[in-house]
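For the record, the sequence lines run as chains A and B.
Quick note: the first sequence uses the UniProt record's numbering, first residue 1, plus one each step.
Quick note: the second sequence uses the UniProt record's numbering, first residue 1, plus one each step.
The beta-carbon is built from N, C-alpha and C at its ideal position, and this holds for glycine as well.
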Amino acid sequence: MEELGSLAVSLGAAWLSLVFALIVLPSALGVSLGISEAYMWVLVRTLEWATIRIEKGVKKPQPQMLKIPAANGIIERDETPMEKEIAGLHRMEFQFSDIFYFCRKGFEAIVEDEVTQRFSSEELVSWNLLTRTNVNFHYVSLRLTVVWVIGVIVRYCFLLPLRFTLAAIGITSMIVGTTVVGQLPNSSLKNYLSELVHLTCSRILVRALSGTIHYHNKENKPQKGGICVANHTSPIDTIILTNDGCYAMVGQVHGGLMGIIQRATVKACPHVWFERSEIKDRHLVTKRLREHVAEKNKLPILIFPEGTCINNTSVMMFKKGSFEIGGTIYPVAIKYDPQFGDAFWNSSKYNIVSYLLRIMTSWAIVCHVWYMPPMVRKEGEDAVQFANRVRSAIARQGGLTELPWDGGLKRAKVKDSFKEEQQKNYSKMLVRNGSQGSLPAGTESD
Amino acid sequence: MGSRASTLLRDEEIEEIKKETGFSHSQITRLYSRFTSLDKGENGTLSREDFQRIPELAINPLGDRIINAFFSEGEDQVNFRGFMRTLAHFRPIEDNEKSKDQNGPEPLNSRSNKLHFAFRLYDLDKDDKISRDELLQVLRMMVGVNISDEQLGSIADRTIQEADQDGDCAISFAEFVKVLEKVDVEQKMSIRFLH
Chain A
1 MEELGSLAVS LGAAWLSLVF ALIVLPSALG VSLGISEAYM WVLVRTLEWA TIRIEKGVKK
61 PQPQMLKIPA ANGIIERDET PMEKEIAGLH RMEFQFSDIF YFCRKGFEAI VEDEVTQRFS
121 SEELVSWNLL TRTNVNFHYV SLRLTVVWVI GVIVRYCFLL PLRFTLAAIG ITSMIVGTTV
181 VGQLPNSSLK NYLSELVHLT CSRILVRALS GTIHYHNKEN KPQKGGICVA NHTSPIDTII
241 LTNDGCYAMV GQVHGGLMGI IQRATVKACP HVWFERSEIK DRHLVTKRLR EHVAEKNKLP
301 ILIFPEGTCI NNTSVMMFKK GSFEIGGTIY PVAIKYDPQF GDAFWNSSKY NIVSYLLRIM
361 TSWAIVCHVW YMPPMVRKEG EDAVQFANRV RSAIARQGGL TELPWDGGLK RAKVKDSFKE
421 EQQKNYSKML VRNGSQGSLP AGTESD
Chain B
1 MGSRASTLLR DEEIEEIKKE TGFSHSQITR LYSRFTSLDK GENGTLSRED FQRIPELAIN
61 PLGDRIINAF FSEGEDQVNF RGFMRTLAHF RPIEDNEKSK DQNGPEPLNS RSNKLHFAFR
121 LYDLDKDDKI SRDELLQVLR MMVGVNISDE QLGSIADRTI QEADQDGDCA ISFAEFVKVL
181 EKVDVEQKMS IRFLH
């Protein structure tokens, strides 16, 4: 019994020292041993092979079984504007058929809508050999199944323990490191150590996710005293960006594990965590941002102006707060490759721990980060217009769809004003076509 | 991951729905995945709140009437079968369906069923007549606060007058059909579902 115990201890020690020598140490020093590159090479080849196998399988035995929709759409939307659609019918001011337009729009939204599907994971075009994504993919061939089984063994028996160890080391050292550094008096030494802890831990955590990150246009990296805005998919975004440079972060207060990390890091680094539903908190954030922009030697601030995680296929409305202050905005576009694993955190469905477990049993996190040229508010441009301009730039760079909707819809209902807008449009038409005279005063606006 | 089995649709069910609604196999499976993603309670049915969570529907002036069409009298849940039956009204009429023999039940997406669906949106109290008051209420939903009671009243009066043939100051389904006889209902009450 004793022998067994000591064997377990020495095995554990060997495992830990291996992890330390091969991953933690290189992370701290910021060098790469090329292991993850080799892993990615094998992975890419395997998935390419699998895609070919699946395509062959589709063509061969039972074609109807394996119909993989090229586009995941259910319907083709009718984009005829209301004016044309209804006015085409009109001989008088109102017809029973006027409701057809609203009916069809309503049903189209029920079958497929732009917004809610952005809050659930994107569907894949081809199977990436993960069990959870195989709803559309059935048995293809023995060889594929064998590869899938090997994949399961590698992911759960090797990668998961390794990544779990790394994540535990990364998160613990982040919490301990920042707490210790937080005890120091404010000085340049403290700032230096804080940056060191943040950078080292992010590097370890990126390895815990087998992250392969391609940074583009490093010359545009956010500078001190600036505000960096990025599209938001998951809390991992912050690790991915910090991996290449330190930021002061601004974000929603969380509970649980996220909360512990947030409370520790804020001691060492001037992050701002706030409650988005508290107006008082929001004012505080604006104040902090103003102070920050005034000082040119502070870390760049990182903000996700969508205010919520979106599945990385689109960019939703940017909250105007961060664009009101003035100062230089450094837009950053982050695009994950869904083929290797789904990075989207559906926070209303999974908590952070089960989310991380899903990530750690995926193949890898592969993503592209584009640093974009800094932008400033133009003369005569208001905060909303500026926010939209920045958003368009990010969407274009990351290949994401722009949606005019507020990401807050994930939690809250639509404002009534949107419905009122529709009613107003219809009323205008009704009055214009008929002989009812003009609208009552005060409602006419173009 | 134990819930996987319950998230799949049985082949027999797909067959039945196919027969009843005319949707194709792949359309049914795709609509099923849409149904489950709307089903936040994860109990295999949708509630009114599940529908209201779709922003584009919530801003639709007739959104509440449309949602209501999915629920039978007194029910506050709709299952996938019921969901598909209501959706089927908006399936376009395909060429091979036009020439179909007249035996058997009329398909849900026929011109007459599409019209009946629209009629029921107006017929709030389900007495198979659209009264002036019902028409006014629906008009009010569509225009909001932008048109005065007086103006809206005269719109309703005129509309009823034009359509009312038997002089009961209300619109029956037959009168409704007559008024809309020149309208391309088949096209306007259809969504282009992909195959």
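Three-state secondary structure (DSSP) at residue i?
{"i": "residue 460 (chain A)", "result": "As shown, chain A starts at 1 and ends at 446. That puts residue 460 (chain A) outside it, with no answer to give."}
{"i": "residue 302 (chain A)", "result": "strand"}
{"i": "residue 190 (chain B)", "result": "coil"}
{"i": "residue 103 (chain A)", "result": "helix"}
{"i": "residue 335 (chain A)", "result": "strand"}
{"i": "residue 314 (chain A)", "result": "strand"}
{"i": "residue 157 (chain A)", "result": "helix"}
{"i": "residue 401 (chain A)", "result": "strand"}
{"i": "residue 71 (chain B)", "result": "coil"}
{"i": "residue 385 (chain A)", "result": "helix"}
{"i": "residue 245 (chain A)", "result": "coil"}
{"i": "residue 363 (chain A)", "result": "coil"}
{"i": "residue 46 (chain B)", "result": "strand"}
{"i": "residue 372 (chain A)", "result": "coil"}
{"i": "residue 67 (chain A)", "result": "Only weak support exists for where residue 67 (chain A) lies, its pLDDT of 38 falling under 50; the value from the coordinates is given anyway. DSSP places residue 67 (chain A) in coil when its eight states are reduced to three."}
{"i": "residue 192 (chain A)", "result": "helix"}
{"i": "residue 418 (chain A)", "result": "helix"}
{"i": "residue 126 (chain B)", "result": "coil"}
{"i": "residue 476 (chain A)", "result": "Any question about residue 476 (chain A) goes unanswered here, given that chain A covers just 1 to 446."}
{"i": "residue 250 (chain A)", "result": "strand"}
{"i": "residue 329 (chain A)", "result": "strand"}
{"i": "residue 119 (chain B)", "result": "helix"}
{"i": "residue 90 (chain B)", "result": "helix"}
Name the chain B residues whose beta carbon is nearer than 8 Å to that of residue i?
{"i": "residue 156 (chain A)", "result": "Simply none; closest approach about 13 Å."}
{"i": "residue 382 (chain A)", "result": "What residue 382 (chain A) touches in chain B: nothing, since even the nearest Cβ is about 24 Å away."}
{"i": "residue 75 (chain A)", "result": "191, 192, 193, 194"}
{"i": "residue 93 (chain A)", "result": "155, 158"}
{"i": "residue 237 (chain A)", "result": "Residues of chain B passing the Cβ test: none, with the nearest at roughly 24 Å."}
{"i": "residue 78 (chain A)", "result": "191, 192"}
{"i": "residue 159 (chain A)", "result": "Going along chain B, no residue has its Cβ under 8 Å from residue 159 (chain A), so there is no contact; the nearest lies around 18 Å."}
Of the residues the options, which one's Cα is nearest the Cα of residue i?
{"i": "residue 369 (chain A)", "options": "A:346, A:121, A:236, A:157", "result": "A:236"}
{"i": "residue 158 (chain B)", "options": "A:383, A:180, A:95", "result": "A:95"}
{"i": "residue 269 (chain A)", "options": "A:198, A:338, A:320", "result": "A:198"}
{"i": "residue 286 (chain A)", "options": "A:15, A:108, A:305", "result": "A:305"}
{"i": "residue 326 (chain A)", "options": "A:277, A:225, A:372", "result": "A:225"}
{"i": "residue 209 (chain A)", "options": "A:364, A:415, A:413", "result": "A:364"}
{"i": "residue 171 (chain B)", "options": "B:191, B:155, B:128", "result": "B:128"}
{"i": "residue 25 (chain B)", "options": "B:9, B:37, B:35", "result": "B:9"}
{"i": "residue 230 (chain A)", "options": "A:167, A:323, A:191", "result": "A:323"}
{"i": "residue 82 (chain A)", "options": "B:194, B:188, B:195", "result": "B:188"}
{"i": "residue 13 (chain B)", "options": "B:53, B:49, B:69, B:79", "result": "B:79"}
Going along chain A, which residues have a C-beta under 7 Å from residue i?
{"i": "residue 79 (chain B)", "result": "The premise fails here: residue 79 (chain B) is roughly 15 Å from chain A at the closest Cβ pair, so nothing lies under 7 Å."}
Could you work out which residues of chain B lie near residue i, taking near to mean beta carbons separated by less than 9 Å?
{"i": "residue 370 (chain A)", "result": "Going along chain B, no residue has its Cβ under 9 Å from residue 370 (chain A), so there is no contact; the nearest lies around 29 Å."}
{"i": "residue 4 (chain A)", "result": "Ordered by position in chain B, no residue passes the 9 Å Cβ test against residue 4 (chain A), which lies about 33 Å from the chain."}
Show which residues of chain A have a CB atom less than 9 Å away from the CB atom of residue i.
{"i": "residue 118 (chain B)", "result": "96, 97, 99, 100, 103"}
{"i": "residue 188 (chain B)", "result": "85, 89, 97, 100, 101, 103, 104"}
{"i": "residue 144 (chain B)", "result": "419, 420, 422, 423, 424, 426, 427"}
Going along chain D, which residues have a C-beta under 7 Å from residue i?
{"i": "residue 405 (chain A)", "result": "The structure shown has no chain D; the protein chains it does contain are A and B."}
Under 8 Å between beta-carbons, which chain A residues line up against residue i? List them in chain order, please.
{"i": "residue 61 (chain B)", "result": "102, 419, 422, 423, 426"}
{"i": "residue 51 (chain B)", "result": "110"}
{"i": "residue 37 (chain B)", "result": "116, 117, 120"}
{"i": "residue 124 (chain B)", "result": "Result: empty, since nearest Cβ-Cβ is about 13 Å, beyond 8 Å."}
{"i": "residue 129 (chain B)", "result": "Going along chain A, no residue has its Cβ under 8 Å from residue 129 (chain B), so there is no contact; the nearest lies around 13 Å."}
Pop quiz: residue i and residue j are said to be a contact at Cβ under 8 Å. What is the actual Cβ separation, rounded to whole angstroms?
{"i": "residue 29 (chain B)", "j": "residue 108 (chain B)", "result": "The Cβ separation is near 19 Å, so there is no contact."}
{"i": "residue 307 (chain A)", "j": "residue 320 (chain A)", "result": "Not a contact, Cβ separation roughly 11 Å."}
{"i": "residue 99 (chain A)", "j": "residue 118 (chain B)", "result": "6 Å"}
{"i": "residue 3 (chain A)", "j": "residue 34 (chain B)", "result": "Not a contact, Cβ separation roughly 59 Å."}
{"i": "residue 332 (chain A)", "j": "residue 205 (chain A)", "result": "That belief does not hold up - the Cβ atoms of residue 332 (chain A) and residue 205 (chain A) are roughly 19 Å apart, past 8 Å."}
{"i": "residue 228 (chain A)", "j": "residue 301 (chain A)", "result": "7 Å"}
If the cut is a Cβ gap below 7 Å, which residues of chain B does residue i touch?
{"i": "residue 106 (chain A)", "result": "57, 60, 62, 63, 66"}
{"i": "residue 130 (chain A)", "result": "Neighbours of residue 130 (chain A) on chain B: none; closest Cβ ~12 Å, over 7 Å."}
* To do: Anything in the stretch 408–421 of chain A with a Cβ closer than 7 Å to a Cβ of chain B? List those residues in chain order, please.
  => 409, 413, 414, 418, 419, 420
* May I ask you to list, following chain order, the residues of the stretch 111–124 of chain A that have a beta carbon less than 8 Å from some beta carbon of chain B? => 111, 112, 113, 114, 115, 116, 117, 120
* What residues from the stretch 341–364 of chain A come within 8 Å of chain B, judged by C-beta to C-beta, listed N to C? -> none
* **Chain-ordered residues of the stretch 172–185 of chain B with a beta carbon less than 7 Å from chain A** => 176, 179, 180, 183
* **Members of the stretch 20–44 of chain A near chain B, C-beta cut-off 9 Å** => none
* Asked: Can you list, in chain order, the residues of the UniProt domain "Phospholipid/glycerol acyltransferase" (226–337) of chain A whose Cβ is nearer than 8 Å to any Cβ on chain B?
  -> none
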